[in-house]
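J.: Residue numbers for the sequence shown follow the numbering used here, so the first one is 4 and each next one is one higher. All residues carry an ideal CB built from backbone N, CA and C; glycine is no exception.
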Amino acid sequence: MKRLHFGADYYPEHWERGRWEVDARLMQQMGIQMVRMAEFSWHKLQPQEDVFDFQWLDEAIALLADYGIYTILGTPTAAPPAWLIQKHPEILPIDREGRVRGFGGRHHDCQSNPIYREAIRRLVTEMAKHYGENPWVIGWQPDNELGNSHQELCTCDSCRQHFQKWLEKKYQSTEALNAAWGTAFWSQEYNDFAQVPAPRITVTGENPSAMLDWKRFCSDLIVDFTREQTEIIRRYAKNQFITHNYMGFANKVDYYKLGELLDIVSHDQYPGGFYLSQTPHEYNHVLAATLDIVRSYKNQPFWIMEQQSGITGWEIMGRAPAPGQLSAWALQGIAHGADAIVFFRWRTCTMGTEQYWHGILPHSGNPGRRYQELKELIGTMEPLMGRLQGSMPKPQVGIVFDFEQEYAFQIQPHHQDLNYTGQLLKYYQAFYKQNISVDFVPQQGDFNQYQLLAAPLQYLMSPELEDKYFNYVRQGGHLILTMRTGVKDLHNLCMADRELPGKLSELAGVEVLDYDCLRETHVEVLFEGQKLQANIWSDLMRLRPETKILASYASEFYAGEPCITEHSFGSGNCYYVGTEPGEELMEALISQICRKAGVEPICVPVPEVECMTRENDKTRFLFVINHSSEAKSYTVPQGYHLLWGEQAGKLGAYEVQILEIEK
Numbered sequence: 004m005k006r007l008h009f010g011a012d013y014y015p016e017h018w019e020r021g022r023w024e025v026d027a028r029l030m031q032q033m034g035i036q037m038v039r040m041a042e043f044s045w046h047k048l049q050p051q052e053d054v055f056d057f058q059w060l061d062e063a064i065a066l067l068a069d070y071g072i073y074t075i076l077g078t079p080t081a082a083p084p085a086w087l088i089q090k091h092p093e094i095l096p097i098d099r100e101g102r103v104r105g106f107g108g109r110h111h112d113c114q115s116n117p118i119y120r121e122a123i124r125r126l127v128t129e130m131a132k133h134y135g136e137n138p139w140v141i142g143w144q145p146d147n148e149l150g151n152s153h154q155e156l157c158t159c160d161s162c163r164q165h166f167q168k169w170l171e172k173k174y175q176s177t178e179a180l181n182a183a184w185g186t187a188f189w190s191q192e193y194n195d196f197a198q199v200p201a202p203r204i205t206v207t208g209e210n211p212s213a214m215l216d217w218k219r220f221c222s223d224l225i226v227d228f229t230r231e232q233t234e235i236i237r238r239y240a241k242n243q244f245i246t247h248n249y250m251g252f253a254n255k256v257d258y259y260k261l262g263e264l265l266d267i268v269s270h271d272q273y274p275g276g277f278y279l280s281q282t283p284h285e286y287n288h289v290l291a292a293t294l295d296i297v298r299s300y301k302n303q304p305f306w307i308m309e310q311q312s313g314i315t316g317w318e319i320m321g322r323a324p325a326p327g328q329l330s331a332w333a334l335q336g337i338a339h340g341a342d343a344i345v346f347f348r349w350r351t352c353t354m355g356t357e358q359y360w361h362g363i364l365p366h367s368g369n370p371g372r373r374y375q376e377l378k379e380l381i382g383t384m385e386p387l388m389g390r391l392q393g394s395m396p397k398p399q400v401g402i403v404f405d406f407e408q409e410y411a412f413q414i415q416p417h418h419q420d421l422n423y424t425g426q427l428l429k430y431y432q433a434f435y436k437q438n439i440s441v442d443f444v445p446q447q448g449d450f451n452q453y454q455l456l457a458a459p460l461q462y463l464m465s466p467e468l469e470d471k472y473f474n475y476v477r478q479g480g481h482l483i484l485t486m487r488t489g490v491k492d493l494h495n496l497c498m499a500d501r502e503l504p505g506k507l508s509e510l511a512g513v514e515v516l517d518y519d520c521l522r523e524t525h526v527e528v529l530f531e532g533q534k535l536q537a538n539i540w541s542d543l544m545r546l547r548p549e550t551k552i553l554a555s556y557a558s559e560f561y562a563g564e565p566c567i568t569e570h571s572f573g574s575g576n577c578y579y580v581g582t583e584p585g586e587e588l589m590e591a592l593i594s595q596i597c598r599k600a601g602v603e604p605i606c607v608p609v610p611e612v613e614c615m616t617r618e619n620d621k622t623r624f625l626f627v628i629n630h631s632s633e634a635k636s637y638t639v640p641q642g643y644h645l646l647w648g649e650q651a652g653k654l655g656a657y658e659v660q661i662l663e664i665e666k
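#1: Look up Met37 in the DSSP assignment and say whether it is helix, strand or coil.
#2: According to the neighbour-count rule (16 or more other Cβ atoms, all chains shown, within 10 Å of its Cβ), is Asp500 buried or exposed?
#3: Around the Cβ of Glu658, are there at least 16 other Cβ atoms within 10 angstroms (buried) or fewer (exposed)?
#4: What span of residues does the alpha helix (DSSP H) with Pro674 cover, start to end?
#5: Within a Cβ cutoff of 6 angstroms, which residues of the same chain sit near Thr356, ignoring the five residues on either side of it in sequence?
#6: When DSSP labels each residue in this structure, what does Arg487 get in the three-state scheme?
#7: Using 10 angstroms around the beta-carbon of Arg516, count the other beta-carbons present and answer buried if the total reaches 16, otherwise exposed.
#8: Compute the Euclidean distance between the alpha carbons of Leu493 and Leu463, then round it to the nearest angstrom.
#9: Could you round the C-beta distance between Ala63 and Met40 to whole angstroms and report it? I think they count as a contact, below 8 angstroms.
#10: Buried or exposed: where does Lys436 fall if 16 or more other Cβ atoms within 10 Å of its Cβ makes it buried?
#11: Going residue by residue through the region 528-579, where are the continuous beta strand (DSSP E) segments of at least 3 residues, counting only ones entirely within it?
#12: Here's the rule: buried if 16 or more other CB atoms are within 10 angstroms of the residue's CB, otherwise exposed. What is Tyr561?
#13: Using 8 angstroms for Cβ pairs, my map puts Ile567 next to Gly581. What's the rounded Cβ distance?
#14: Would you check if the distance between the CB atom of Phe244 and the CB atom of Ile267 is smaller than 7 angstroms?
#15: Assuming Leu66 and Pro370 are in contact, meaning their beta carbons sit under 8 angstroms apart, how far apart are those beta carbons, in whole angstroms?
#16: How would you call Trp540, buried or exposed, if buried means at least 16 neighbouring beta carbons within 10 angstroms?
#17: With a cut-off of 8 angstroms, do at least 3 Cβ pairs link the region 15-28 to the region 54-63?
#18: Fully enclosed by the region 163-239, which beta strand (DSSP E) runs are 3 residues long or longer?
#19: Could you tell me which residues DSSP pairs with Asn242 in its beta bridges?
#20: Considering only DSSP beta bridges, list what Lys653 is partnered with.
#21: Going by other Cβ atoms of all chains shown within 10 Å of its Cβ, with 16 needed for buried, is His111 buried or exposed?
#22: Between Glu559 and Asp519, which are expected to be in contact by the criterion C-beta below 8 angstroms, what is the C-beta distance as a whole number of angstroms?
#23: Go ahead and pull the three-state DSSP assignment for Gln415.
#24: Can you tell me which of Glu618, Leu625, Glu611 and Val513 puts its alpha carbon nearest to the alpha carbon of His570?
#25: In chain order, which continuous runs of the alpha helix (DSSP H) of length 4 or greater are located wholly inside the region 28-114?
#26: Return yes when the Cβ of Leu261 is within less than 7 angstroms of the Cβ of Val226, no when it is not.
#27: I need the DSSP call for Gly3, collapsed to helix, strand or coil.
#28: What does a CB cutoff of less than 7 angstroms around Pro608 pick up in its chain, not counting 5 residues either side in sequence?
#29: Which whole-angstrom value is the C-beta distance of His247 and Gln144, which I expect to be below 8 angstroms?
#30: Please report how far the alpha carbon of Pro138 lies from the alpha carbon of Phe228, in whole angstroms.
#31: Return the CA-CA distance between Tyr643 and Leu654, expressed in angstroms with no decimal places.
#32: Out of curiosity, what's the CA-to-CA distance linking Leu496 and Thr177?
#33: Where DSSP assigns a beta bridge to Pro584, which residues make up the other side?
#34: Would you check if the region 190-203 and the region 230-244 touch, i.e. whether three or more CB-CB distances between them fall below 8 angstroms?
#35: Figure out for me which residue from Ala511, Gly21, Pro200 and His91 has the closest Cα to the Cα of Gly101.
#36: Is it true that the CB of Pro504 sits closer than 7 angstroms to the CB of Ala537?
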């Protein structure tokens with residue numbers, strides 16, 4: 004695979020042919036080495052059912068090649084053309100209210116529909132045969148942001164039939180299905196798999212077990228949809244990689260499973276997204292977390308296939324990035340493990356939904372401030388990227404992330420403000436503020452590589468996962484478990500054989516006898532002599548004699564009862580957190596647990612300054628990122644020397660410094 008590090012998303016079909024060479028020349032001067040093209044160009048490539056036209060794309064690829072620029076091709080399956088929809092309107096998806104979603108946007112498709120699948124197989128085969136041996140085409144991106152537009156789609160007859168087949172394969176008999184789903188409740192038993200519906204809106208309530216399997220099915224459907232394309236591409240493009248542009252914590256499809264089909268995982272990163280309710284300053288820990296979770300999906304360096312390069316916007320717009328901010332955001336991605344940055348987009352489009360999603364160039368196409376800033380970034384970073392290639396962060400802390408836990412809390416969130424990913428991010432934020440780097444870890448992953456493992460909201464539990472947690476702590480690990488652990492089995496049925504958290508009560512040294520959902524209120528907690536705030540939930544616990552109390556409730560009818568505990572087991576410790584700590588309590592608690600676990604920060608924390616490391620066998624690279632518009636100072640860790648930047652320990656507004664130390 005060619006080692007290319009900087010690129011742009013390019014749409015030559017949006018511009019007159021005479022402009023293409025100007026773009027190619029400007030890209031070359033900027034240092035752009037690759038482009039992604041064609042991911043929304045189905046009609047341009049196949050204007051009629053039996054007509055394929057690759058000439059325009061051939062010319063674009065060849066012209067860019069003249070300037071030394073390689074191409075990544077997107078398969079344009081996210082935008083089926085009008086002629087296909089007119090002939091086969093059954094391709095259009097149906098929402099949970101039974102409404103057909105129409106043509107005019109993107110992802111207006113049912114991914115189980117056999118006619119749509121056949122049209123895709125034909126198109127992707129023609130593309131792969133045509134470009135599979137082109138030396139200037141280096142890789143492929145099947146579809147675009149899979150799951151982005153399908154959150155409540157599709158519930159058509161095709162999806163219902165595929166769901167029924169998926170259930171029959173899993174359960175074999177309706178007797179097993181009825182037992183797994185608890186269908187005795189409200190007379191929901193099935194005599195035949197053909198009776199099982201796709202989950203349209205009901206009169207009242209939904210079966211949580213059925214909904215969990217539906218979400219699993221939807222994820223598997225997207226994985227299968229992608230598999231068809233990857234198999235075709237690999238048949239004809241044996242020396243070209245396959246990737247897909249993920250969206251951080253987006254949850255329609257299990258990204259771990261999707262990643263098994265890919266050579267590289269990619270990601271779309273928009274720190275200044277117009278859809279965000281927070282400013283980038285308030286959102287920095289989430290931006291870092293999205294990069295860390297993407298790295299975790301294959302546990303290897305990743306690419307950013309769409310990196311913000313200007314103001315974002317559809318109907319409304321976000322803020323303009325300040326000078327230096329675009330560079331800082333790109334370098335944040337590199338710090339967390341990105342080996343390549345592709346900026347979205349090359350030129351701001353004059354038409355369609357994304358007219359105000361600004362690119363490197365403005366509408367006029369004339370280079371300006373953004374072009375110059377990113378040109379300078381590429382020019383200075385490109386010599387270093389070869390040294391960074393393949394290096395990885397090596398955190399001492401892991402946070403367990405699982406898509407099925409996410410699905411279960413979507414179905415039954417308990418509290419209007421309880422969110423699975425949001426809960427994980429609260430723990431992540433406490434580590435982030437203390438400059439402690441984090442990996443996200445799948446439940447099937449290797450826990451033993453971490454000194455400290457946080458596993459919030461382990462709601463769905465299996466004997467295999469219980470055993471993993473026991474073994475991790477027994478062998479010396481420090482484990483954080485929280486409220487709502489061990490509540491249900493993998494069928495989303497409540498477990499009733501013992502008190503919560505089930506078998507893990509032996510590990511945590513606590514039994515949850517009751518609980519309180521804190522609606523429209525909070526609870527005070529006494530921790531290290533301070534009264535601090537907690538939210539959402541209160542577990543009321545009985546402790547084993549050897550279990551230590553780290554914090555107690557200081558309000559409500561259970562004032563004085565234990566809230567946060569520590570229990571030694573084998574060579575390690577298990578901490579149980581029976582509430583959602585407020586920000587101040589969370590930071591104090593994580594600081595104490597890190598000290599006990601022997602986890603050290605990368606650097607002395609400074610507000611709005613992020614520190615992150617990547618390392619290989621010989622060198623550890625330290626990135627220090629100022630997310631502030633003000634100058635900042637930081638303490639340079641012993642032994643590091645400046646590799647990139649002005650003055651070690653002194654940061655200008657949005658400045659990033661890179662330091663290194665030999666191992």
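T.: Looking at the atomic coordinates:
#1: strand
#2: exposed
#3: buried
#4: The structure shown does not extend to residue 674, since the chain is modelled only from 4 through 666, so no value can be given for it.
#5: Trp317
#6: Assignment of Arg487 by DSSP, reduced to helix, strand and coil, places it in the coil class.
#7: This sequence places Leu at residue 516; Arg is not what is there. Classification of Leu516: exposed, given that the 10 Å Cβ count is below 16.
#8: Approximately 6 angstroms between the Cα atoms of the pair.
#9: 7 angstroms
#10: Around the C-beta of Lys436, 16 or more other C-beta atoms lie within 10 Å, and the residue is accordingly described as buried.
#11: 533-546, 551-556 and 565-572
#12: buried
#13: 7 angstroms
#14: yes
#15: Actually they do not touch by this definition, with Cβ atoms about 19 angstroms apart.
#16: buried
#17: The way I'd put it, the region 15-28 does touch the region 54-63; three or more beta-carbon pairs between them come closer than 8 angstroms.
#18: none
#19: None; Asn242 has no bridge partner.
#20: Ser636 and Gln650
#21: His111 should be labelled buried.
#22: 7 angstroms
#23: coil
#24: It is Val513 whose Cα lies nearest to the Cα of His570.
#25: 45-48, 58-69 and 85-90
#26: yes
#27: This structure gives no information on residue 3, because the portion of the chain shown stretches from 4 to 666.
#28: Lys436, Gln437 and Asn438
#29: 6 angstroms
#30: 27 angstroms
#31: For Tyr643 and Leu654, the distance between alpha carbons rounds to 16 angstroms.
#32: 17 angstroms
#33: Ala537
#34: no
#35: The shortest C-alpha separation from Gly101 is found at Pro200.
#36: no
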